[in-house]
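Q:
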Amino acid sequence: MKFALVGLPGSGKSSVARHLAQHYGWASCDTDTVIESRIGMPIRDFFAREGEAAFRELETQALQDCIQRPGPLVLATGGGIVLRAQNRELLRQGSLVFYLRTTPEELARRLRNDSKRPLLQGGDALRKLRDLNAQRDGLYRQTAHYVVESGRPTVWGLLHWICMQL
Ligand code: S3P
6 MKFALVGLPG SGKSSVARHL AQHYGWASCD TDTVIESRIG MPIRDFFARE GEAAFRELET
66 QALQDCIQRP GPLVLATGGG IVLRAQNREL LRQGSLVFYL RTTPEELARR LRNDSKRPLL
126 QGGDALRKLR DLNAQRDGLY RQTAHYVVES GRPTVWGLLH WICMQL
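According to the numbering used here, the sequence shown is numbered sequentially starting from 6.
This is the structure we're talking about:
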């Protein structure tokens, strides 16, 4: 069984995946980490040099790479993974997908000191997060088998639920 986490930047995908992997001894894969080790630089720098289209290409390759790994796995994805229909299909067919849903207001609060995320740079992060949410919420819902609110109690509820399925 593979589990994948999708949602906006700051929704907790990477940290939930890390917790799951640590607590239950599962393998994990994070598309952003796979990409960064391949390009040898932070994603922010790659965006500035090569642009978003080049990044999306690498992102699909990283997703294929993670999904093809044998055995159980928890997979954290970049917030834009759902933009490509090909990725949505890969995720839905290859894993059980959870959408960690959080309001743009809460995300803006969590990310107020963030400098890593290229799509949120240049001021007014809240407006940018609202736009991303408007563009992507439907895509996350289409891709996910389950929608969970990414507040703390539900994340632990989610962990427990997953473990009961194994
Ligand atoms: C992106 C989100 C980032 C990263 C890249 C693009 C996006 O991942 O993949 O900067 O399009 O929302 P996080 O969701 O982990 O921030």
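Cβ coordinates follow ideal geometry from the N, Cα and C atoms, glycine included.
Between which two residues does the beta strand (DSSP E) holding A32 run?
A: Numbered from 1 along the sequence shown, position 27 holds the residue referred to as residue 32. Counting along the chain, the beta strand (DSSP E) containing A32 begins and ends at 32-35.
Q: Is DSSP giving K121 helix, strand or coil here?
A: Residue 121 sits at position 116 when you count from the first residue of the sequence shown. Three-state result, K121: coil.
Q: Taking 7 Å as the cut-off, is the beta-carbon of I48 closer than that to any non-hydrogen atom of the ligand S3P?
A: Residue numbering aside, residue 48 sits at position 43 when the sequence shown is read from its first letter. Yes.
Q: Here's the rule I'm using: 16 or more other beta-carbon atoms within 10 Å means buried, otherwise exposed. How should G84 be labelled?
A: Counting from one through the sequence shown, the residue named residue 84 turns up at place 79. Buried: at least 16 other Cβ atoms inside 10 Å.
Q: Is A9 helix, strand or coil by DSSP?
A: The residue labelled residue 9 in the question sits at position 4 within the sequence shown. In the structure shown, A9 sits in a strand (DSSP, three-state: E or B).
Q: My assumption, with CB atoms under 8 Å, is that A22 sits in contact with L80. Please give the rounded CB distance.
A: Locating residue 22 in the sequence shown gives position 17, where the first residue counts as 1. Locating residue 80 in the sequence shown gives position 75, where the first residue counts as 1. With a Cβ gap of about 7 Å, A22 and L80 count as contacting.
Q: Using a 10 Å radius around the Cβ and a threshold of 16 neighbouring Cβ atoms, would you call Y104 buried or exposed?
A: For the purposes of this step, residue 104 is identified with residue 99 of the sequence shown, where counting begins at 1. Y104 comes out buried.
Q: Rounded to a whole number of angstroms, what is the C-alpha to C-alpha distance between D70 and N92?
A: Position 65 of the sequence shown holds residue 70. Position 87 of the sequence shown holds residue 92. Distance between the alpha carbons of D70 and N92 is about 12 Å.
Q: For L101, name the three-state secondary structure that DSSP assigns.
A: As a first step, residue 101 is located in the sequence shown; it is residue number 96 there, counting from the start. Reduced to three states, the DSSP call for L101 is strand.
Q: In this structure, how does DSSP classify A149 when only helix, strand and coil are distinguished?
A: Translated into the one-based positions of the sequence shown, residue 149 becomes position 144. A149: coil per DSSP, three-state reduction.
Q: Please report the distance separating the alpha-carbon of L88 from that of L144.
A: Counting from one through the sequence shown, the residue named residue 88 turns up at place 83. Counting from one through the sequence shown, the residue named residue 144 turns up at place 139. C-alpha separation (whole angstroms): 7 Å.
Q: Nearest-angstrom Cα distance between Q73 and S20?
A: Stepping through the sequence shown from its first residue, residue 73 is reached at position 68. Stepping through the sequence shown from its first residue, residue 20 is reached at position 15. Rounded to the nearest angstrom, the two C-alpha atoms are 22 Å apart.
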